[in-house]
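Report on the following structure.
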Amino acid sequence: MADILQLLVAGLATGGIYALVAVGFTLLWQTSQTINFAQGEFVMLPAFFVLIAMGYFGLPFWLAVAVGGVVSVVVLGLLFKKWMVDPMIRHGVLPLVIATIGLAILMKEMVREFYGADAWPFPALAATTDVAVLGAVFSIQSLIILGICIAVVAALQLFLNGTRIGRCMQATAQNPTVARLLGVRVERMILYTFLINGALVWVASLLITPIYLAKFTNGEWLGLYAFIAAIIGGFNQVRGAIVGGLLLGVVDNFAAAYISSQYRTAIPLLILIVVILFRPQGLLGRVEERTV
Amino acid sequence: MKNRRLAAGIVLASAGAFLLVAPWGLKPYGIFILSMWAVMTIAAIGLNLTLGYAGQISLAQAAFVGIGAYITAWLTTKGWPFWPTYVFGGVSCFAVGWVLGYPALRVQHHYLAFVTLAFNTLVYLIFRNEEWLTGGIYGISNVPRPSVLGWSTNSPLAFYYFCLAHLALVSAATWWLIRSPWGRAFVALRENPIRALSLGVDTRRYTLVAFAIGAGLGGISGALYAPLVQFIDPTPFALGLSLNLLLMVVLGGSGYFFGPFLGAIVAVLLPEWLRFTQGFYLMGYAVLVIVLMAFSPTGLLGLADRLTRPARRRTASAAGVPPEPAAESEATR
């Protein structure tokens, strides 16, 4: 029982991180039909922003974290939209997909060339001690990760549902034409989703890098897991991405412990294939109707 | 028009002649890279049929190259002669590709990309973990090279011509295929599947066929890859190669017959020539992909086509294939 509880909490913690990344991914898709194949690299990069701020500019950790956040929002949010998505989105989805694959290569190679191919240690946000509850041992770190993920998702939901800008963003996602007619500044709302994505990947990066170290290849599997989470939950629903992320983290952890560590990665992929084949809209998604 | 054709003929003939004399005076490694180009071009031609002509995105091409390579390596090291294993590899991939086509009947675009991506990773895991069959991470070594009519292809030069002959055969077959009613049906499928269906094209069957043929060519490419490298392990067949093949097709010009040839030059040959640039090559490659997508989503050939074609002849759909009316008339037969 204690084992299961431990695995569950650890799974929820990593799942929460996947959920953050997946939420950003679905936000981009909803408002601008952007499929970002570089989303994993977007998570890999902010940790290096922080490391550079600390190592080259000698900033203290928390200041470096803040600087990393600003740089992430500007580079991965604003510039990504202005320089990549805007010129390409008019060609349709596929060219942008290809271009983001190119972007992923570019980001990886730049980190490898200019920072280094090693796995760099990254300071944890909190002490890495354990705490025992009901006979199960939890690491403080996973509890804090889980707490932060819940807080971020809750704040995002509050923003989307409770503020004027948030509701305008939802309107943009549901029907841009009508939203524009009703006076919503659609372009600006789309920009906001890109900025939010920049912030989300920054948080995810801060949470996951202390566990897996900062390495230029981190994005490869992170991006894959975020896609899988987004698709399992439902591509067009923020809460779908959250459920998908949590589910994926838990399943992944249990599969590694009870089924086979060799085929650990296979389980999420099999779930992905089954979901796509039998419920392509995802567990919580709605069917998207397309005009002929 | 006539000039364009003549120019294209001259370019083609000189490219062919160049390929024949290119390996002379090259070191074995240079010949190896040229052979690799031919092998990867075959895989990219397959993907170009699936993606460029039939419009079905696939991120599983590396898996088929892998399946073809493993079948060939496994059987030839067990003492089988080359040709049966070669046919077996191609046919197996055709069959698996057919099955992989079924998801494409249900989902499209990015969903299809992810299904095929998942498939590729699953196949990779099997290559890596099923040691009794694939040798796991140690792979299969000492894959023999075939002999053709008693003439051994053991030397790098002989094997290069062997690969080149295959490339020529595959190209000729593909050239014929895309001009056959099947090829026209593929294009109809890409341009407007619902309209194609309403005109009587069996879109179900053609989607599966497009996947299966693309996969079969991947298998053939793999069957050549194994004796070329003479050692295979799971690493080359991971998702990276699938992405790379996709980039080759799109970079060269998806839906253009010669797109894969050009794309493979950029992705296979250029990195070797530009080796002195080290990691910067990949960065330049990535930037090229991004810039090209921004300005010419139809790839390098699309760009060339736009620059050389007189303004009034420009068409909206990707050129190099017959424009829509022709596709329709074939499709309605």
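Chains as they are written, first to last, in this note's numbering: chain A, 214 to 505; chain B, 36 to 368.
We treat Cβ as the ideally placed atom computed from N, Cα and C, and that holds for glycine.
#### Entry: Coil, strand or helix - B:I92 by DSSP
Here residue 92 of chain B is taken as the residue at index 57 of the second sequence, counted from 1. DSSP places B:I92 in the coil class of the three-state scheme, outside both helix and strand.
### Message
Between A:A468 and chain B, is any beta-carbon pair separated by less than 7 Å?
### Response
Residue numbering aside, residue 468 of chain A sits at position 255 when the first sequence is read from its first letter. No, A:A468 does not count as interfacial toward chain B.
### Query
Quick one: any contact between the stretch 304 to 314 of chain B and the stretch 257 to 271 of chain B, if contact means 3 or more CB pairs under 8 Å?
At 8 Å Cβ cutoff, the stretches do not touch.
### Task
Identify every residue that forms a DSSP beta bridge with A:D343.
Translated into the one-based positions of the first sequence, residue 343 of chain A becomes position 130. DSSP output for A:D343 lists A:S352 as bridge partner(s).
### Query
Which value, in whole angstroms, describes the spacing of the CA atoms of A:V280 and B:W133?
Within the first sequence, numbered from 1, the residue matching residue 280 of chain A stands at position 67. Within the second sequence, numbered from 1, the residue matching residue 133 of chain B stands at position 98. A direct Cα-to-Cα measurement between A:V280 and B:W133 gives close to 51 Å.
### Query
By Cβ distance, which residues of its chain are closer than 6 Å to B:A380, with the 5 residues on each side in sequence left out?
Within the shown structure, residues of chain B are numbered from 36 to 368, placing residue 380 of chain B beyond reach of any answer.
### Query
For chain B, is any of its Cβ atoms less than 7 Å away from the one on A:M257?
Start at 1 with the first residue of the first sequence, and residue 257 of chain A comes out as number 44. Residue contact with chain B for A:M257: absent (no Cβ-Cβ distance below 7 Å to any residue of chain B).
### Query
Is it true that the stretch 481 to 493 of chain A meets the stretch 248 to 255 of chain A, where meeting means three or more beta-carbon pairs spaced less than 8 Å apart?
No: the two stretches stay apart, fewer than three of their Cβ pairs being nearer than 8 Å.
### Task
Return the CA-CA distance between B:F296 and B:A302, expressed in angstroms with no decimal places.
Indexing the second sequence from 1 puts residue 296 of chain B at position 261. Indexing the second sequence from 1 puts residue 302 of chain B at position 267. Taking the straight line from one Cα to the other gives about 10 Å.
#### Entry: Endpoints, alpha helix (DSSP H) assigned at B:L323
Within the second sequence, the letter at position 288 stands for residue 323 of chain B. 314 to 330 is the extent of the alpha helix (DSSP H) around B:L323.
### Query
If you compare alpha carbons, which of A:F429, A:L419, A:G453, A:S352 is closest to A:K321?
Position 108 of the first sequence, counted from the start, is the residue given in the question as residue 321 of chain A. Closest by alpha carbon: A:F429.
### Segment contact flag, the stretch 70 to 86 of chain B with the stretch 206 to 217 of chain B, C-beta cutoff 8 Å, min 3 pairs
Yes: at least three Cβ pairs fall under 8 Å.
#### Entry: Residues of the stretch 453 to 477 of chain A with Cβ closer than 7 Å to any Cβ of chain E, in chain order
No chain E is present in this structure, whose protein chains are A and B.
### Query
Under three-state DSSP, which class holds A:A337?
Locating residue 337 of chain A in the first sequence gives position 124, counting from the first residue. Three-state DSSP puts A:A337 in coil, outside helix and strand.
#### Entry: Buried or exposed (CB count within 10 angstroms, at least 16 for buried), B:V122
On the second sequence, position 87 is the one that residue 122 of chain B refers to. Label assigned to B:V122: exposed.
### Message
Assuming contact is defined by CB atoms lying nearer than 7 Å, are A:L497 and A:G453 in contact in what I supplied?
### Response
Numbered from 1 along the first sequence, position 284 holds the residue referred to as residue 497 of chain A. Numbered from 1 along the first sequence, position 240 holds the residue referred to as residue 453 of chain A. Judged by their CB atoms, A:L497 and A:G453 are nearer to each other than the 7 Å cut-off.
### Query
Is the number of C-beta pairs between the stretch 278 to 298 of chain B and the stretch 336 to 345 of chain B that are closer than 8 Å three or more?
The stretch 278 to 298 of chain B vs the stretch 336 to 345 of chain B: in contact.
### Task
Return the chain-ordered ranges of every alpha helix (DSSP H) run that is complete within the stretch 259 to 316 of chain A and spans a minimum of 4 residues.
Here the runs fully enclosed are 274 to 285.
### Message
Pop quiz: A:F255 and A:L289 are said to be a contact at Cβ under 8 Å. What is the actual Cβ separation, rounded to whole angstroms?
### Response
Counting from one through the first sequence, the residue named residue 255 of chain A turns up at place 42. Counting from one through the first sequence, the residue named residue 289 of chain A turns up at place 76. Right, the Cβ-Cβ distance comes to about 5 Å (below 8 Å), so this counts as a contact.
### Query
Can you tell me where the alpha helix (DSSP H) with A:Q219 in it begins and where it stops?
Here residue 219 of chain A corresponds to residue number 6 of the first sequence, with the count starting at 1. 215 to 245 is the span of the alpha helix (DSSP H), which, as asked, contains A:Q219.
### Message
What residue range does the alpha helix (DSSP H) around A:R380 cover?
### Response
What you label residue 380 of chain A is simply residue 167 of the first sequence in a count that begins at 1. That run of the alpha helix (DSSP H) goes 377 to 387.
### Task
Give the DSSP bridge partners of B:F266, in chain order.
The residue given as residue 266 of chain B occupies position 231 in the second sequence. Partner(s): B:S176.
### Query
According to a CB-to-CB cut-off of less than 8 Å, which residues of the stretch 243 to 268 of chain A neighbour chain B?
Flagged, chain order: I248.
### Closest Cα partner of B:G103 within the set B:I300, B:Y196, B:A250
Counted from its first residue, the second sequence places residue 103 of chain B at position 68. The candidate whose alpha carbon is nearest that of B:G103 is B:A250.
### Message
So if I threshold CB-CB distances at 9 Å, which residues from the stretch 297 to 321 of chain A count as touching chain B?
### Response
Within the stretch 297 to 321 of chain A, the residues whose Cβ lies closer than 9 Å to any Cβ of chain B are, in chain order, M297, P300, M301, H304, G305, V306, L307, P308, L309, V310, I311, A312, T313, I314, G315, L316, A317, I318, L319, M320, K321.
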